[in-house]
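For the sequence shown, position 114 matches number 113 in numbering that gives the first Met the number 0, and the numbering has no gaps at all.
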Amino acid sequence: MGIDFHKTLRRRLGADWFFRRRTRFLSDPLRRLAPLACSSDGLAEIHSLVSHRHLEIYLLAIRSFLRFYDRVRVVVHDDGTMDERDIRFLQDRVPNVRIVPKKDADAIVEASLRNHPSCLRFRRKQILTAQVFDFPKFAATKKIVSLDSDTLVFRPPAEIVRWIESETGEILYAYEENPRSPRIRKKNITLDPGTPFRFAPHLCGGFVCTYTDTFDLDLIERYCSYVLANCHDRLYRAQTIAALCAANSPYRVQPLPLTYQNLPHFRAEPEPVLRHYFLSLSRWKPYLRDARIVLAEMEKAAATGDS
0 MGIDFHKTLR RRLGADWFFR RRTRFLSDPL RRLAPLACSS DGLAEIHSLV SHRHLEIYLL
60 AIRSFLRFYD RVRVVVHDDG TMDERDIRFL QDRVPNVRIV PKKDADAIVE ASLRNHPSCL
120 RFRRKQILTA QVFDFPKFAA TKKIVSLDSD TLVFRPPAEI VRWIESETGE ILYAYEENPR
180 SPRIRKKNIT LDPGTPFRFA PHLCGGFVCT YTDTFDLDLI ERYCSYVLAN CHDRLYRAQT
240 IAALCAANSP YRVQPLPLTY QNLPHFRAEP EPVLRHYFLS LSRWKPYLRD ARIVLAEMEK
300 AAATGDS
């Protein structure tokens, strides 16, 4: 094994230790709370890509949603780091959850991409592409909600419930002021009028309400091939492909109200419904503050018999 491998291993172990140290205050309280079941026959599914080190923050995220609305199915996609203990933990804490092991996903999704080589190359290189390839492939409902683990729900998500329970014909997403997307010739492709592709502007991939038939593999293949030929400084991202597919779908596309918030554009007024924190960019302070608030609300509800 080379020097690069050991550097990567040390960096990964260090990141795991740091992450666990930051979130260990969640572990015992979340285990003491009673399990909170999702639906086995809801009209929509909430899909999330989850890793071993994200178990606690994912559980807090999905519980923060289910405490307000539980008539929805929940699907967890293993990123390859979850073990049997992790799977049993989630199944115990969220009864009816469906878990997709990465080994199974790789076999099924890669077979489905055999005629789309650029898509296949992208999926093999970027784990987050589960959001655009795996989520629709394993969905049992037409409507899917893509939810990142570093998300919290504070109040009843009325707009999402309406979308789930009625035929609005809309794709909804949390607004992001500066989407972190691939930069082709130093420009943000999703906001560049010169690109040959159309994108839903300011789409945050951390929270999207969409449809399985939105993800057109031929369109994605053309885009991935274009990026491979033109991208010189950053890789293309799943978030950008979600914006591409949304803009070229037959559905109306619009951002959710600003009560659905993304860092760094948090607002105290109006009171937030949902926040997405970008923990991958080490935005820890606001997350830790809000996570403690949400956890305290759950513990209080459990103590008073309201959950």
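Ideal Cβ placement from N, Cα and C applies to all residues, glycine included.
| task | Could you have a look at C208 and say whether DSSP puts it in helix, strand or coil? | result | DSSP, reduced to helix, strand and coil, places C208 within a strand of the structure shown.
| field | Chain-order list of residues whose beta-carbon lies under 6 Å from that of S50 (same chain, five-residue window excluded) | value | Around S50, the same chain offers D78 and T80 as residues with beta carbons nearer than 6 Å, after the five sequence neighbours per side are excluded.
| said: Among K142, F134 and D305, whose alpha-carbon lies nearest the alpha-carbon of G168? | reply: Here the closest residue by C-alpha is K142.
| Per DSSP, S47 forms a beta bridge with which residues? | According to DSSP, S47 bridges with V75.
| Quick one: what's got a C-beta closer than 7 Å to S117's C-beta in the same chain, skipping five residues either side? | Taken in chain order, the residues that qualify are E220, C223, S224 and L227.
| Residues bridged to Q260 by DSSP? | R274, per the DSSP bridge assignment.
| Going by the CB atoms, is the gap between Q238 and Q130 shorter than 9 Å? | For Q130 and Q238, yes; Cβs fall inside 9 Å.
| request: Go through its chain and collect everything with a Cβ distance to S39's Cβ below 8 Å, but skip five positions before and after it. | output: For S39, where only same-chain residues beyond five positions count, the Cβ hits under 8 Å are R72 and N95.
| field | Rounded C-alpha distance that separates I107 from E270 | value | Going from the Cα of I107 to the Cα of E270 covers about 42 Å.
| Looking only at DSSP bridge pairs, what is P254 linked to? | Looking at the DSSP output, P254 shares a beta bridge with Y172.
| field | Euclidean distance between Cα positions of I61 and R31 | value | The alpha-carbon of I61 is positioned some 16 Å away from that of R31.
| said: On the CB-based measure, 16 or more other CB atoms within 10 Å of its CB, does A300 come out buried or exposed? | reply: Exposed, since its Cβ has fewer than 16 Cβ neighbours within 10 Å.
| request: Enumerate in chain order the residues of its own chain whose CB-to-CB distance from S111 is below 7 Å, with the five nearest sequence positions on each side excluded. | output: K136, listed in sequence order.
| task | Starting from I316, follow its DSSP beta bridges and name the residues at the other end. | result | The chain is shown only over 0 to 306; residue 316 falls outside these bounds and no answer can be derived.
| query | So R97 is in the alpha helix (DSSP H); what residue range does that whole segment cover? | reply | Unbroken run through R97 is the beta strand (DSSP E), R97 to V99; no alpha helix (DSSP H).
| Hey, quick one: how far does the beta strand (DSSP E) through V152 stretch, first residue to last? | Segment T150 to V152, the beta strand (DSSP E) holding V152.
| task | Give the DSSP-derived three-state secondary structure of V93 in the structure shown. | result | Three-state result, V93: coil.
| request: Please state whether DSSP places L326 in a helix, a strand or coil. | output: For the chain, the structure presents residues 0 to 306; residue 326 sits outside this window and is missing.
| Assigned secondary structure, L25 (DSSP; H/G/I helix, E/B strand, else coil) | In the three-state reduction of the DSSP assignment, L25 falls in the helix class.
| query | What residue does the beta strand (DSSP E) around S145 start on, and which one ends it? | reply | Per DSSP, S145 belongs to the beta strand (DSSP E) from K142 to L146.
| task | Tell me whether A104 is buried or exposed, calling it buried when 16 or more other Cβ atoms sit within 10 Å of its Cβ. | result | When all chains shown are included, A104 counts as buried.
| field | Buried versus exposed call for F17 [16 or more other C-beta atoms within 10 Å across all chains shown] | value | It counts as exposed.
| request: Classify D105 as helix, strand or coil using the three-state DSSP reduction. | output: Correct three-state label for D105: helix.
| request: Would you mind sorting T258 into buried or exposed? The rule is 16 or more other CB atoms within 10 Å of its CB. | output: Counting every other CB atom within 10 Å of its CB across the protein chains shown gives T258 a total of 16 or more, marking it as buried.
| Between the Cα of Y68 and the Cα atoms of A157, R52, R21 and R291, which residue gives the shortest distance? | Selected option, being the one with the closest Cα: A157.
| Which of helix, strand or coil does DSSP assign to E166? | Reduced to three states, the DSSP call for E166 is coil.
| Residue range of the alpha helix (DSSP H) that includes L218 | Unbroken alpha helix (DSSP H) run through L218: L216 to N229.
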